[in-house]
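Report on the structure given below.
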Amino acid sequence: MSILFFLSSGLFLGWSHGANNAGNVFGTAIGTHMVKFRTAAIVTSIFLILGSVISGTGAALTLGKLGAVNEIAGAFIVTLSTALAILFMTRFDLPVSTSQSVVGAIIGWNLFSGSMTDYNSLVKIVSSWVVTPFITGIFAVLIYLLVRFILNHVRIHLLILDFWNRIGLVVVGGFGAYSLGANNIANVMGVFVTVSPFHPINTPFGMLTGTEQLFILGGMAMASGVLTYSYKVMKTVGSSIIQLTPISALVVVFSSSFVLFLFSSQNLESFLASHGLPTIPLVPVSSAQAVVGALIGIGLLQGGRSIKFGQLGRIASGWVTAPIVACFICFISLYIFQNVFSQKVYKNIRYNITENVSRKLIAEGIYFNSMDEFINKEFQNYVEFKATLDRNASDLTPEDLRRVIELAEIRHIKVDMEKIKYEIAEGLFTFPQVVALEKLSGKEYNSLWEFKEDLQNTSHEWKLKEDIPANRKWNRDVSSRIDYLAKKFWLDQ
Amino acid sequence: MYSIFKATKDLVRKIDAFLDLVGESVLHFEEGLKLYLSGSEVEFNERLVIIKNSESRADELRQNIEAQLYVQTLIPESRGDVLDLLEQMDEIIDFSKSIMLDFCVEKPEIPGELHDRLRKLAEIAVDSTQALVQSARSFFYDANTVKDHLHKVKFFENESDYVSEKAKRELFELNISLERKLHIKHFIVSIDSISDVAEDISNRLSIAAMKRIV
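Quick note, the sequences are listed as chains A and B, same order.
First residue of the first sequence: 24, per the working numbering; consecutive thereafter.
First residue of the second sequence: 2, per the working numbering; consecutive thereafter.
Spelled out as structure tokens, the structure:
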């Protein structure tokens, strides 16, 4: 099937994402009638596209959460299920988190394909439901008190205040839309980066890489969602939880954008670390929950009587429902797609503790009593391997168990420079990195770690540094590039 | 963006000009009444022309402000209150003009014993309206200080009631015909009503201000 067909689900997800999440940035402005829907939709659309292309491609090789899905048909279903789940929630006018829904759908794929589920991602989602509203609520209250203090001490005409309030709403909304595009484009289009049908083209403004073209398309899909279907969710966010004043509307969007920027910005972390400043711990925060948290904060400050708890309960239940619905739709769709349309929706990953793996494990100080019985014994999938390990290697700690599974994964990799010629032309790798890859050209590996180790032994430019805040950006960049290569060079069998 | 800011500044100027007109119109009314009582008919008529012009300018400004507030969907939360406020304050100008017109048309013969009372009543009407104009300005600039002026409006309304009662009592003790008494009473009640209208507006303004306080 054509890649363009598979791409359609990414565009659909972009559309649903735009339709649902635009409410988080402009909902309060629309709810208080401070900004017209048309203005909000146009500003959101422009900044979504800019965020997707400029900031999204900053981590051009980030595959997004869907990077784990190893067959394009599977990724198509995961993306489609997420889009359907978000559309379903949008029909009920409920704001939900796109990335949380993506994780829900991936869990559906993991269950179907018998792959490993990273339970940390589940913990992150659940903690985001609690942590985000809590932090944003506190910030909203503090900012609101500060604004109230300033306004009580400054003589400013009602109309001039109204003017600046509108400007503030549009600017902060635009900033929010930019972040929304930058943070989510990887979820919408990331999975198609490795199979992108687009090649670099020269424009009067410079070269447009294949990834940038893909992300522009994704950004446009998001924008079309905003323009065609975002009004109802905007109204829910803007006026269904508490009645907002124009000033509190601005406080809500500002505090939620501020919290997202402070607690989830990897760029801010790198900036602070590079200037020798203490970094702010990155915690899982989501814009859907941030806005609601800010609304609750303001509502509580006003005495709590104005909060419509019924509606709040509906929205919170939507947060829980969205990933579950995505997971459910994904599982069923994968079954249908595989059995009715005879499509391969996942690459079966086999596991084997080869002698190489056992040597590596022992070198890392990992050993379990029945390890010898596992040597050179192949397991057909993660579920089978994990179950056997659980039965026979109960002396392994959870971390060691994860490492054993990671190292035992069989992945046939062949370094083929032809497959990454466009990426090299686009300058996605440094010169020493390309030289190191060329040295390995034609080599084959049976596992990801062997490829990674060989690459890192060939050049320092592929090595990870000590895990301190100042090095995190480097480590993220290198890891995402290695993951990208591992996917590009992956041989089917 | 600059043009929007300019349009907003222009609207601020229009609202200020409208409030100025309200304040000026009661001053013209007071002056007109004094001229009428002193028998200067020509100058009284000049004042009537001025107040008529003020009324039409105020109407024009108000309609202009209303249109701009609606078309540009400005101050969505306070728009209703502001439009009500402007309309009610416009009534003060209309009311002042209509009393002047009544004086001009009906030419009531006011006995000399009541002249001071009527002058005082007009003075109080001016004071209550000026306090109202000040509180309306505060509503736009600093909602917290609205109440500082509103209590004055209440005070002047009580004063007006007191003076008008005195005037009515003195009127009905005079040895003049009943129809003349009733005719003059109509004018006392009308002048007293300016302070009543100001008080009505001030009550609504205090609620609007409470809504505005962040």
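We treat Cβ as the ideally placed atom computed from N, Cα and C, and that holds for glycine.
Bear in mind the structure is a predicted one, so any value in this text is a computation, not a measurement.
{"query": "Identified DSSP bridge partners for ASN65(B)", "result": "Note: ASN65(B) sits in no beta bridge, so no partner."}
{"query": "Proximity of LEU267(A) and THR55(A) at Cβ, strictly below 8 Å", "result": "yes"}
{"query": "Test: PHE6(B) CB closer than 8 Å to a CB of chain A", "result": "yes"}
{"query": "Chain B contacts made by the stretch 52-64 of chain A, where a contact means CB separation under 8 Å", "result": "THR55, HIS56, MET57, LYS59"}
{"query": "Segment limits, alpha helix (DSSP H) that includes ASN371(A)", "result": "No alpha helix (DSSP H) contains ASN371(A), which DSSP labels as neither H nor E."}
{"query": "Residue-chain proximity (PHE198(A), chain B), Cβ-Cβ < 8 Å", "result": "no"}
{"query": "Own chain partners of PRO223(A) with C-beta closer than 7 Å, once the 5 adjacent residues on each side are dropped", "result": "MET230, LEU231, THR232, GLY233, TYR445, ALA448, GLU449"}
{"query": "Residues of the stretch 165-182 of chain A with Cβ closer than 9 Å to any Cβ of chain C, in chain order", "result": "Structure shown: chain C not included; protein chains present are A and B."}
{"query": "Contact set for GLU94(B): own chain, Cβ-Cβ below 7 Å, skip 5 residues either direction", "result": "Position check: residue 94(B) holds Ile in this sequence, whereas Glu was assumed. Correct list, in chain order: LEU22, VAL23, SER26, SER55, GLU56, ALA59."}
{"query": "For ILE53(A) and LYS258(A), believed in contact at Cβ under 8 Å, the rounded distance", "result": "7 Å"}
{"query": "For TYR390(A), the three-state DSSP class (helix, strand or coil)", "result": "coil"}
{"query": "GLY327(A) burial status per 10 Å Cβ neighbour count (16 or more: buried)", "result": "exposed"}
{"query": "Touching by the beta-carbon criterion (3+ pairs, under 8 Å), the stretch 349-356 of chain A and the stretch 124-132 of chain A", "result": "yes"}
{"query": "Sequence-distant residues of its chain with Cβ nearer than 6 Å to TYR252(A) (five each side left out)", "result": "ALA42"}
{"query": "PHE188(B), buried or exposed, once every other Cβ within 10 Å from all chains shown has been counted against 16", "result": "buried"}
{"query": "C-alpha distance - ARG414(A) paired with GLU401(A), whole-angstrom precision", "result": "16 Å"}
{"query": "Proximal residues, the stretch 7-31 of chain B versus chain A, C-beta separation under 7 Å", "result": "THR9, LEU12, VAL13"}
{"query": "Local conformation of THR251(A) per DSSP, three classes", "result": "helix"}
{"query": "Short-range partners of chain A found in the stretch 62-77 of chain B, where Cβ spacing is below 7 Å", "result": "THR74, LEU75, ILE76, PRO77"}
{"query": "Assigned secondary structure, ARG189(A) (DSSP; H/G/I helix, E/B strand, else coil)", "result": "helix"}
{"query": "Helix, strand or coil at GLU449(A) according to DSSP, with G and I counted as helix", "result": "coil"}
{"query": "Residues, ordered as in the chain, of the stretch 285-304 of chain A that lie near chain B by beta-carbon distance below 9 Å", "result": "none"}
{"query": "Euclidean distance between Cα positions of PHE141(B) and SER129(B)", "result": "19 Å"}
{"query": "Helix, strand or coil at ILE436(A) according to DSSP, with G and I counted as helix", "result": "strand"}
{"query": "Rounded straight-line distance, which links the Cα of GLY37(A) to that of ALA106(A)", "result": "8 Å"}
{"query": "Contacts around LEU285(A), its chain only, beta-carbon distance under 6 Å, and the 5 residues preceding and following it disregarded", "result": "ILE303"}
{"query": "Against chain A: residues of the stretch 131-165 of chain B by CB proximity under 7 Å", "result": "PHE141, TYR142, ASP143, ASN145"}
{"query": "Exposed unless 16 or more other CB atoms sit within 10 angstroms - verdict on PRO156(A)", "result": "buried"}
{"query": "Buried versus exposed, by CB contacts within 10 Å (16 or more), SER4(B)", "result": "exposed"}
{"query": "Minimum C-alpha distance to LEU34(A) - residue among ALA416(A), ILE148(A), PHE238(A), PHE60(A)", "result": "PHE238(A)"}
{"query": "Three-state class that DSSP yields for ALA83(A) in the structure shown", "result": "Bear in mind that the predicted position of ALA83(A) carries a pLDDT of just 42, short of 50, making it too unreliable to give a figure here."}
{"query": "Inter-residue spacing [alpha-carbon to alpha-carbon] between ILE26(A) and SER219(A)", "result": "8 Å"}
{"query": "Whether SER280(A) touches VAL195(A) by CB criterion (8 Å)", "result": "yes"}
{"query": "Segment limits, alpha helix (DSSP H) that includes ASN175(A)", "result": "142-176"}
{"query": "Anticipated Cβ contact below 8 Å, ILE183(A) with THR9(B), distance rounded", "result": "6 Å"}
{"query": "Nearest residue (CA-CA) to THR146(B), options MET211(B), GLY113(B), LEU86(B)", "result": "MET211(B)"}
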